[in-house]
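Undergrad: Numbering (full-length UniProt numbering), first residue to last: 1 to 140.
For glycine and all other residues, C-beta sits at the position ideal for the given N, C-alpha and C.
1. Using 8 Å for Cβ pairs, my map puts residue 71 next to residue 101. What's the rounded Cβ distance?
2. Tell me which same chain residues have a C-beta within less than 8 Å of the C-beta of residue 33, skipping the five on either side of it?
3. Please work out which residues of its chain come closer than 8 Å, Cβ to Cβ, to residue 50, disregarding the five sequence neighbours upstream and downstream, and give them in chain order.
4. Relative to the C-alpha of residue 86, which candidate in 127, 113, 21 has its C-alpha closest?
5. To the nearest angstrom, how far is the alpha carbon of residue 1 from that of residue 74?
6. So if DSSP puts residue 48 in a beta bridge, which residue, or which two residues, is it bridged to?
7. Where does residue 10 fall in DSSP's three states?
8. Counting only runs that start and end within the region 89-117, where is the alpha helix (DSSP H) found for 4 or more residues in a row?
9. Given a cut-off of 9 Å on the beta-carbon distance, is the pair residue 76 and residue 46 in contact?
10. Could you tell me if residue 122 is buried or exposed, where buried requires 16 or more neighbouring beta carbons within 10 angstroms of its beta carbon?
11. For the alpha helix (DSSP H) containing residue 85, name the first residue and the last one.
12. Alpha carbons only, please: which of 66, 103, 53 is nearest the one belonging to residue 22?
13. Any idea if residue 89 is buried or exposed, counting beta-carbon neighbours within 10 angstroms, 16 or more meaning buried?
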């Protein structure tokens, strides 16, 4: 009989690394609607900056919005990404942050600021672990 979704499921990838999770997502949920965010850290101030935004239409009406980022260290980009979704009308309870590896400090920061979001983490790393996903997966 299968499982019936409760509504539209969408995902927003935090570029560059987040797009590596999309292939598996599309195989699992073929009709998942996707969007993109490019958030980069300013080297002089260490603050995240939003450089690109393309969100699905009527995102605030979707039953679940997955935020894809394969690796989170301090949580700065994740905080900005969740803030962007909330500012575009997505309720906190509908956001699911998905990451393969995360630093403990980043997770604590994220759930302290947004306590109602769900966070799925594959592995908790020591703080300060280098970002390996871009190097291994993308070769940059």
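TA: Reading off the structure:
1. For the purposes of this step, residue 71 is taken as residue 71 along the chain shown, with counting starting at 1. For the purposes of this step, residue 101 is taken as residue 101 along the chain shown, with counting starting at 1. The Cβ separation is near 5 Å, so the contact holds.
2. Start at 1 with the first residue of the chain shown, and residue 33 comes out as number 33. Taken in chain order, the residues that qualify are 8, 9, 10, 11, 56, 62.
3. Locating residue 50 in the chain shown gives position 50, counting from the first residue. So the list reads 37, 38, 39, 80, 84, once near-sequence residues are dropped.
4. Here residue 86 corresponds to residue number 86 of the chain shown, with the count starting at 1. For the residues 127, 113, 21, the minimum Cα distance to residue 86 belongs to 113.
5. Taking the first residue of the chain shown as position 1, residue 1 is located at position 1. Taking the first residue of the chain shown as position 1, residue 74 is located at position 74. In this prediction, residue 1 scores a pLDDT of 49, lower than 50, which makes its location untrustworthy; no coordinate-derived value is stated.
6. Residue mapping note: residue 48 aligns to position 48 of the chain shown, counting from 1. DSSP, once it has assigned bridges, lists 41 as partnering residue 48.
7. Counting from 1 along the chain shown, the entry for residue 10 is found at position 10. It is a strand residue.
8. 104-113
9. Sequence index remark: in the chain shown, residue 76 carries index 76 (1-based). Sequence index remark: in the chain shown, residue 46 carries index 46 (1-based). Contact: yes.
10. Sequence index remark: in the chain shown, residue 122 carries index 122 (1-based). Burial call: exposed.
11. In the chain shown, counting from the first residue as 1, residue 85 sits at position 85. 76-87 is the extent of the alpha helix (DSSP H) around residue 85.
12. Within the chain shown, residue 22 is the residue found at index 22, counting from 1. Of the candidates 66, 103, 53, the one whose C-alpha sits nearest the C-alpha of residue 22 is 66.
13. Counted from its first residue, the chain shown places residue 89 at position 89. The residue is exposed, with fewer than 16 neighbouring Cβ atoms inside 10 Å.
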